[in-house]
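2 protein chains.
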Amino acid sequence: MAKIEIKDALFPDCPIRNILSRIGDKWSLLVLYTLSGSSVMRFNVLQKNIPDISQKMLTVTLRALEEDGLVKRVIYAEVPPRVEYSLTDRAKSLLPCIDSLIAWAGENMAAILSDRMRSKVG
Amino acid sequence: MAKIEIKDALFPDCPIRNILSRIGDKWSLLVLYTLSGSSVMRFNVLQKNIPDISQKMLTVTLRALEEDGLVKRVIYAEVPPRVEYSLTDRAKSLLPCIDSLIAWAGENMAAILSDRMRSKVG
DNA sequence: CGGAATCCGACAGGATACTG
DNA sequence: CAGTATCCTGTCGGATTCCG
Numbered sequence: 317m318a319k320i321e322i323k324d325a326l327f328p329d330c331p332i333r334n335i336l337s338r339i340g341d342k343w344s345l346l347v348l349y350t351l352s353g354s355s356v357m358r359f360n361v362l363q364k365n366i367p368d369i370s371q372k373m374l375t376v377t378l379r380a381l382e383e384d385g386l387v388k389r390v391i392y393a394e395v396p397p398r399v400e401y402s403l404t405d406r407a408k409s410l411l412p413c414i415d416s417l418i419a420w421a422g423e424n425m426a427a428i429l430s431d432r433m434r435s436k437v438g
Numbered sequence: 317m318a319k320i321e322i323k324d325a326l327f328p329d330c331p332i333r334n335i336l337s338r339i340g341d342k343w344s345l346l347v348l349y350t351l352s353g354s355s356v357m358r359f360n361v362l363q364k365n366i367p368d369i370s371q372k373m374l375t376v377t378l379r380a381l382e383e384d385g386l387v388k389r390v391i392y393a394e395v396p397p398r399v400e401y402s403l404t405d406r407a408k409s410l411l412p413c414i415d416s417l418i419a420w421a422g423e424n425m426a427a428i429l430s431d432r433m434r435s436k437v438g
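Chains as they are written, first to last, in the working numbering: chain A, 317 to 438; chain B, 317 to 438.
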């Protein structure tokens with residue numbers, strides 16, 4: 317999952333490749349979904365909602381999402397510092413896609429798991 | 317992207333984590349989408365349609381999708397051997413999600429790219 | 001033709017320590 | 001609090017070779 321690439325090398329216009337190179341990593345979709353839970357969220361709240369993300373990966377993921385115009389980052393010049401993250405309109409337009417994926421998973425995951433079991437046995 | 321895990325260790329019931337652990341890798345979505353192009357597809361045709369996939373990764377990806385009940389594999393006892401792959405009904409029910417993702421990408425990728433440019437400069 | 005097996009490099013991502 | 005900066009490891013996936 318080469319998130320670094322701005323465009324896919326061989327197929328710069330393939331939507332699947334380009335979208336996967338952005339949100340197909342381990343954390344992006346999870347961060348977007350978590351952010352969709354409230355209008356604005358601070359760094360450490362975000363981290364508490366995704367307990368097993370390291371702060372490095374949270375930072376890296378947020379920066380990448382920000383570069384893609386999916387997340388807005390607002391820094392308040394206070395002590396202690398406060399940084400608030402929120403979804404951009406562009407990200408909000410992506411939410412239905414994510415939701416439909418989640419809905420699909422909710423309906424099919426149990427069956428998938430039992431299929432896995434059978435394929436392990438047989 | 318730990319595709320090996322049957323369930324996510326910390327959140328076995330989180331749909332996002334489980335779905336991502338399956339189709340969030342480099343090739344799965346691309347293979348599913350390619351297969352959706354025709355009712356049945358042979359191994360080497362599939363490979364020709366995804367020129368930069370190695371035959372190892374095509375095999376691995378197809379096996380994983382088969383285990384999840386997303387791809388059906390039919391072997392014909394001929395010489396030379398023939399193996400045909402097709403989407404299961406479960407996979408077909410996932411196609412709308414994939415399509416909406418692609419559609420979103422089609423509408424937003426250009427803007428994302430230009431945002432990237434600006435964030436590189438500024 | 002459609003794989004399986006092996007070797008191997010690159011890099012995503014975790015752990016830890018430090019800072020404004 | 002919200003990060004950076006290193007270091008280090010696991011694994012993903014490419015290249016190659018061999019097989020029914």
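From the three backbone atoms N, C-alpha and C, an ideal C-beta is built for every residue, glycine too.
Closer than 8 Å to chain A by CB, residue i
| i | result |
| --- | --- |
| residue 424 of chain B | yes |
| residue 432 of chain B | yes |
| residue 334 of chain B | yes |
| residue 374 of chain B | no |
Pairwise C-alpha distance: residue j and residue i
| i | j | result |
| --- | --- | --- |
| residue 420 of chain A | residue 332 of chain B | 10 Å |
| residue 407 of chain A | residue 350 of chain B | 26 Å |
| residue 357 of chain B | residue 348 of chain A | 35 Å |
| residue 417 of chain B | residue 335 of chain A | 8 Å |
| residue 330 of chain A | residue 433 of chain B | 19 Å |
| residue 384 of chain B | residue 405 of chain A | 34 Å |
| residue 458 of chain A | residue 338 of chain A | With chain A covering only 317 through 438, there is no way to say anything about residue 458 of chain A. |
| residue 359 of chain A | residue 365 of chain A | 10 Å |
| residue 353 of chain A | residue 389 of chain A | 16 Å |
| residue 324 of chain A | residue 380 of chain A | 16 Å |
| residue 424 of chain B | residue 362 of chain A | 26 Å |
| residue 340 of chain A | residue 411 of chain A | 15 Å |
| residue 413 of chain A | residue 395 of chain B | 44 Å |
Below-8 Å beta-carbon distance, residue i vs any chain B residue
| i | result |
| --- | --- |
| residue 381 of chain A | no |
| residue 417 of chain A | yes |
| residue 405 of chain A | no |
| residue 410 of chain A | yes |
Cβ-heavy atom distance, residue i to the ligand COA, below 7 Å
| i | result |
| --- | --- |
| residue 385 of chain A | The ligand COA is not part of this structure, which contains no ligands at all. |
Length-filtered (4 minimum) alpha helix (DSSP H) runs lying within the region 348-435 of chain B
Counting only runs of 4 or more, we get 359-365 and 371-383.
Give the residues from the region 336-362 of chain A that approach chain B closer than 8 Å (Cβ to any Cβ), ordered along the chain.
For the region 336-362 of chain A, which is checked against every Cβ of chain B, the residues closer than 8 Å are 336, 338, 340, 341, 342, 345, 346 and 349.
Taking 8 Å as the cut-off, does the region 365-378 of chain A touch the region 361-378 of chain B (at least 3 CB pairs, one atom from each stretch)?
Using a C-beta cut-off of 8 Å, the region 361-378 of chain B makes no contact with the region 365-378 of chain A, since fewer than three inter-stretch Cβ pairs fall below that distance.
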